[in-house]
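Just so you know, the protein sequences line up as chains A, B, C and D, in that order. Counting the first sequence from 1 gives a position; my numbering is that position plus 18. Counting the second sequence from 1 gives a position; my numbering is that position plus 99. Counting the third sequence from 1 gives a position; my numbering is that position plus 20. Counting the fourth sequence from 1 gives a position; my numbering is that position plus 1. We put the CB at the ideal spot given by N, CA and C, even for glycine.
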Amino acid sequence: MAEIIHMGGYGSYVWSAFGLTFVVLLATVWLTKRSLQQTRNRLTRRLRSASATEASS
Amino acid sequence: MSIFFAVIKHDLAMAFRRWSDLAMPLVFFVIVCTLFPLALGQDKELLQAVGPGAIWVAALLATLLSLNTLFREDFDDGSLEQLALSEHPLSVLLLGKTAAHWLVAEVPLVLLAPLLALGFDIPAAGREALLLTLLIGTPTLSLLGSVGAALTAGLRRASGLLAVLILPLSVPVLIFGARSADLAARGQSIEGPLLLLGGITVLALTLTPFATAAAVRVTLD
Amino acid sequence: MSNASSDNLRQPTGLEWRQLALWRGDRCLQKNLNGHLQAGHAITLRGPNGCGKTTLIRTLCGLTEPEYGEVLWNGTAVRLQRAELHAQLAYAGHRAGLKDELTPRENLHFAARLSGSDDNDLAEIISALQLQGCADLPVAHLSAGQKRRVTLARVLSSGKPLWLMDEPFTHLDQAGREWLSERFNQHLRANGMLLLAAHQDTGLEAHRERVLELQGGEP
Amino acid sequence: MPSVAYGRQLDAIFVLSMWNWFFKLGSPPHFYRIATRLEPWLMGGALVLLVIGAYGGLAMAPPDYLQGDGFRIIYVHVPSAFLSMFAYSVMAVASAIGLIWRMKLAFCVAAASAPAGAAFTFLALCTGAIWGEPIWGTWWAWDPRLTAELVLLFLFLGYMLLRQAMPETRQADRASGILAVVGVVNLPIIHYSVEWWNSIHQGPSLMKLETPSIDGDMLWPLLVMIVAYQLLFIGILFTSIRTQILLRERNTRWISDLLS
């Protein structure tokens with residue numbers, strides 16, 4: 019296990035590269051999905067409030 | 100074609116009525132060029148090494164500064180609309196305006212560069228190369244800048260946006276221009292890069308007017 | 021000969037627009053607007069501020085892209101043959117279209133050059149609009165009214181059959197308005213076309229003018 | 002002769018069905034449904050392939066005779082560099098289609114691919130710097146490949162800044178579309194000029210970030226990683242396109258049906 023981490027002296031470089039990649043890709047996916055969800059919620063709220071005013075007026 | 104020269108004549112007449120606007124990029128260029136010796140000291144070798152590159156970067160920034168208002172006034176006072184509504188192809192009219200701007204704002208810059216090169220103690224070969232590379236390179240900067248100016252003409256709060264949009268695109272011109280001026284200062288022949296620089300300028304001359312026209316139509320939408 | 025004329029009939033001349041939808045950002049200003057402007061006629065747009073008069077005029081000029089619908093010039097879509105329409109069109113919008121540093125005469129000369137019309141009756145128009153005094157002053161020194169009249173001079177001397185004007189009567193005094201109305205009537209009698217937005221009475225000949233009321237905008 | 006005619010008929014049918022498919026795909030509601038259905042598969046497939054590729058690259062591939070285990074960083078650097086270029090091309094082609102045929106969906110694709118492309122470019126830069134550090138002894142030694150990647154990042158940022166600065170979506174689409182097309186024409190010139198700029202470098206010829214010629218056990222993980230990145234990019238793209246479609250079509254009926 020140790021030599022996997024040691025990676026022939028390059029361990030810190032290889033793992034930091036893979037770690038950074040994992041973090042950035044995850045963040046991109048999560049941010050994109052979150053912005054989709056936020057847009058849907060905002061539009062649904064706008065739609066519901068619009069139909070609500072229609073119903074009340 | 101005659102409308103092309105009519106637009107140039109019209110713009111030149113207008114530019115000379117407001118010479119203060121012409122002076123501003125030139126003064127900016129001179130000041131930036133004098134900042135380098137102040138920052139780096141009078142060490143001859145250092146200044147000679149930095150000289151061509153510093154002058155090219157200063158010229159690039161001065162160009163972008165003057166391009167910022169290329170279409171902004173015409174957009175605000177409505178003459179850009181009149182150009183877009185004429186029967187003549189819009190790309191030719193805008194090419195005329197860009198050419199007039201190049202003659203008025205860039206050529207003085209190019210002629211001034213060799214003088215400023217004295218401040219960097221650059222040898223004659225280097226100064227001559229500076230003049231040549233700037234003369235061949237600045238049209239591309241103006242053409243690319245005109246696309247950026249057209250895209251940002253209608254925007255109120257986008258002062259630095261033009262530079263951010265156009266600087267990455269002007270990397271090749273800067274590389275071929277500044278590096279070959281530097282090589283010439285060291286006595287090497289710069290036949291190749293000069294031809295490449297000319298090639299880029301011809302490419303820009305043929306393609307960018309259509310992009311500028313399309314950008315103006317978007318701004319006027 | 022006959023099919024030529026029937027050909028004309030089938031292919032309508034003048035400016036036509038079908039199912040135009042005009043939007044500004046997120047707001048729909050007008051929906052399925054239809055209309056047809058023929059030689060010798062005028063259309064006056066009336067409606068509250070913000071109802072889309074300016075947007076409609078700019079769309080008919082080909083400056084603004086309609087969100088939906090089509091603008092046709094002599095039967096073919098403007099989008100496909102923009103130069104043909106612009107060769108026949110003169111537009112006066114809210115912006116004067118003049119350079120502040122140059123004098124009215126220089127501005128009008130360049131405008132004539134741009135529209136390819138020889139400015140022979142320019143002198144007559146300048147004097148009619150009482151612009152002789154300031155014809156050689158830089159436009160920057162002119163009053164809003166004078167600037168407005170220089171813009172009008174540009175359209176009147178353009179020699180184009182189709183005039184699209186956004187509130188041409190503003191900044192004009194009573195005499196100026198009457199003179200302009202008469203000038204418009206002359207233009208229409210010479211088989212010209214006119215589309216304008218106006219709040220006041222335009223003074224155009226009734227049988228040539230059609231009013232288009234646009235709803236919406238600020239109540 | 003009839004076989005030729007018959008062949009031509011087949012081509013016609015094929016072209017028609019392709020055009021019909023392309024045209025149907027061009028309608029936002031249709032694309033929205035397809036994107037919603039395909040997205041989980043794309044993300045899932047990307048995840049699986051990422052794990053396989055990473056394992057292959059980290060454990061199974063033999064160390065490089067020159068760089069030892071340090072070369073394993075190519076399994077994250079090369080795919081992100083490739084995807085950064087791919088994303089910019091997608092953005093430029095979508096913008097061109099949008100500008101020429103006025104297809105709203107094409108502008109949605111262009112707007113969606115910019116953030117993802119910028120993320121991959123940033124990744125390519127960082128992993129490139131990390132990979133170069135042991136070789137050059139510094140994090141940034143102006144390697145031509147990385148310098149071109151940096152300029153590409155500026156192009157992405159410029160695109161996104163212009164899009165933010167334009168008030169109306171429709172104007173933002175067309176203006177940023179023009180910038181993307183002008184940018185993609187300039188991209189090869191930038192790459193060539195950076196290569197030339199590097200070639201006249203007087204200093205000791207530093208080893209460039211060349212991917213060492215690899216085959217067999219070293220190669221397949223790289224291909225798996227590239228396919229994984231591709232799927233991930235398209236998955237992210239679809240999610241982002243759906244957001245763009247919602248923003249642009251929010252006043253249409255099919256959106257109100259969809260959301261209620």
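Coarse secondary structure for residue i, derived from DSSP in three states
i	result
glutamine 287 (chain B)	coil
alanine 112 (chain C)	strand
valine 231 (chain C)	strand
valine 91 (chain C)	strand
asparagine 52 (chain C)	strand
isoleucine 201 (chain D)	coil
isoleucine 101 (chain D)	helix
glutamate 104 (chain C)	helix
serine 25 (chain C)	In this predicted model, serine 25 (chain C) has a pLDDT of only 44, less than 50, meaning its place in the structure is not dependable enough to derive any value.
glutamine 39 (chain C)	strand
arginine 99 (chain C)	coil
isoleucine 235 (chain B)	helix
tryptophan 141 (chain D)	coil
methionine 185 (chain C)	strand
Neighbourhood of residue i by C-beta, 7 Å cutoff - its chain only, sequence neighbours within 5 removed
i	result
threonine 190 (chain C)	Arg168
tryptophan 141 (chain D)	Ala130
leucine 50 (chain D)	Val225, Val228, Ala229, Leu232
tyrosine 33 (chain D)	Arg243, Ile246
leucine 61 (chain A)	none
glutamate 180 (chain B)	Leu319
alanine 312 (chain B)	Leu189, Ser190, Leu193
Residue-level contact to chain A via CB, residue i, 9 Å cutoff
i	result
valine 77 (chain D)	yes
arginine 251 (chain D)	yes
arginine 103 (chain D)	no
threonine 139 (chain D)	no
methionine 92 (chain D)	no
Chain C contact residues for residue i, given Cβ-Cβ distances below 7 Å
i	result
glutamate 169 (chain D)	Gly45
serine 185 (chain B)	His106, Leu134, Ser135
Beta-carbon contacts of residue i that lie in its chain and below 6 Å, excluding the five residues immediately before and after
i	result
serine 25 (chain C)	Any answer about serine 25 (chain C) is weak, because its pLDDT of 44 lies below 50 and its placement is not dependable; what the coordinates show is given next. Nothing listed; no residue qualifies.
alanine 153 (chain B)	Phe135
alanine 112 (chain D)	Gln245
glutamate 134 (chain D)	Trp140
Cβ of residue i within 9 Å of any chain B Cβ
i	result
arginine 115 (chain C)	yes
glycine 118 (chain D)	no
proline 68 (chain C)	no
leucine 109 (chain C)	yes
isoleucine 201 (chain D)	yes
alanine 173 (chain C)	no
Listed by chain order, chain A residues near residue i by CB distance under 9 Å
i	result
proline 135 (chain D)	Gly27, Tyr28, Tyr31
leucine 248 (chain D)	Thr57, Leu61
Min CB distance residue i to chain C below 9 Å
i	result
arginine 164 (chain D)	no
serine 190 (chain B)	no
serine 241 (chain B)	no
arginine 316 (chain B)	yes
glycine 253 (chain B)	no
Contacts of residue i in chain B (Cβ-Cβ under 7 Å)
i	result
arginine 146 (chain D)	The contacting residues do not exist; arginine 146 (chain D) stays about 15 Å from chain B at best.
tryptophan 198 (chain D)	Ile274, Arg278
Proximity test, Cβ basis, 9 Å: residue i and chain D
i	result
glutamate 36 (chain C)	no
threonine 71 (chain A)	no
cysteine 48 (chain C)	yes
arginine 256 (chain B)	yes
Residues that residue i contacts on chain C, provided the C-beta gap is smaller than 8 Å
i	result
methionine 113 (chain B)	Lys119, Glu121, Leu122
leucine 202 (chain B)	Those do not exist, as leucine 202 (chain B) stays about 17 Å from chain C at its closest Cβ, beyond 8 Å.
Per-residue contacts from residue i into chain B (C-beta, under 9 Å)
i	result
valine 185 (chain D)	Within 9 Å Cβ-Cβ: nothing; valine 185 (chain D) doesn't reach chain B, min ~11 Å.
Cross-chain neighbours of residue i in chain A, by beta carbon under 8 Å
i	result
alanine 55 (chain D)	Phe36
tryptophan 132 (chain D)	Tyr31, Ala35
isoleucine 237 (chain D)	Thr46, Val47, Thr50
Close beta carbons around residue i, own chain, < 8 Å, minus the five adjacent residues each side
i	result
alanine 218 (chain C)	Thr64, Leu65, Arg66, Glu187, Pro188, Phe189
Where residue i meets chain B, residues with beta-carbon distance less than 8 Å
i	result
alanine 107 (chain D)	None at all; the shortest Cβ gap to chain B is about 15 Å.
Interface residues of chain F facing residue i [CB-CB closer than 8 Å]
i	result
leucine 156 (chain D)	Among the chains of the structure shown, chain F does not appear; the protein chains present are A, B, C and D.
Members of the region 149-174 of chain B that neighbour chain D once the beta carbon cut-off is set at 7 Å: none
For the region 43-65 of chain A, which residues have a beta carbon sitting closer than 7 Å to at least one beta carbon of chain D? Leu43, Thr46, Val47, Thr50, Lys51, Ser53, Leu54, Thr57, Arg58, Leu61, Thr62, Leu65
Using a Cβ-Cβ cutoff of 7 Å, what residues of the region 295-307 of chain B are near chain D? List them in chain order. Within the region 295-307 of chain B, Ile299, Leu306 place their CB atoms closer than 7 Å to a CB of chain D, listed in sequence order.
Where the region 78-95 of chain C meets chain B: residues whose CB sits under 7 Å from a CB there: Cys81, Leu83, Thr84, Glu85
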